[in-house]
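Taking it in order: structure first as structure tokens, then the write-up.
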Amino acid sequence: MPVEGTKLAPRTFKGDPAQVEQFLRRFERLAMLHNLSSREKCETVVDYCSRVVRETIQGFSAYWQFRWEELKENIRVFWNADLEDKRFS
Numbered sequence: 001m002p003v004e005g006t007k008l009a010p011r012t013f014k015g016d017p018a019q020v021e022q023f024l025r026r027f028e029r030l031a032m033l034h035n036l037s038s039r040e041k042c043e044t045v046v047d048y049c050s051r052v053v054r055e056t057i058q059g060f061s062a063y064w065q066f067r068w069e070e071l072k073e074n075i076r077v078f079w080n081a082d083l084e085d086k087r088f089s
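Written as structure tokens, this is what we have:
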């Protein structure tokens with residue numbers, strides 16, 4: 001995976017609801033290119049997040065149980081991605 005802050009890395013996610021879906025899409029594309037397992041996705045996603053977001057994600061049980069799909073949904077719900085989508089519908 002690209003080193004955080006480099007051109008190929010996803011932008012650092014800082015908790016902006018408007019950026020949740022874009023961040024997850026970019027991260028998943030990179031994870032697919034690098035053949036990351038669910039465990040590796042959980043461990044790596046926090047490398048592309050601000051300190052506050054990283055600490056929040058690490059507080060979700062799905063993070064420690066390496067359940068990527070559940071963790072992804074936790075991220076969407078916590079940062080209100082659904083509300084952001086509805087705002088532009």
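Once you know that position 25 of the sequence shown is 25 in full-length UniProt numbering, the rest is easy, because the numbers rise by one and skip nothing. Note that CB positions come from ideal geometry on N, CA and C, so glycine has one too.
Please classify Val52: is it buried, with 16 or more other beta-carbons within 10 angstroms of its beta-carbon, or exposed?
By the neighbour-count criterion, in which a residue is buried when 16 or more other Cβ atoms sit within 10 angstroms of its Cβ, Val52 is exposed.
Going straight from the alpha carbon of Glu43 to that of Tyr63, what length do you get?
Cα to Cα, Glu43 sits roughly 7 Å from Tyr63.
Within a Cβ cutoff of 6 Å, which residues of the same chain sit near Arg29, ignoring the five residues on either side of it in sequence?
For Arg29, where only same-chain residues beyond five positions count, there are no Cβ hits under 6 Å.
Where the alpha helix (DSSP H) containing Met32 begins and where it ends
Taken as a continuous stretch (DSSP letters only), the alpha helix (DSSP H) holding Met32 covers 20–33.
Check this for me: beta carbons of Glu21 and Tyr48, under 8 Å apart or not?
The criterion of a C-beta distance shorter than 8 Å is not satisfied by Glu21 and Tyr48.
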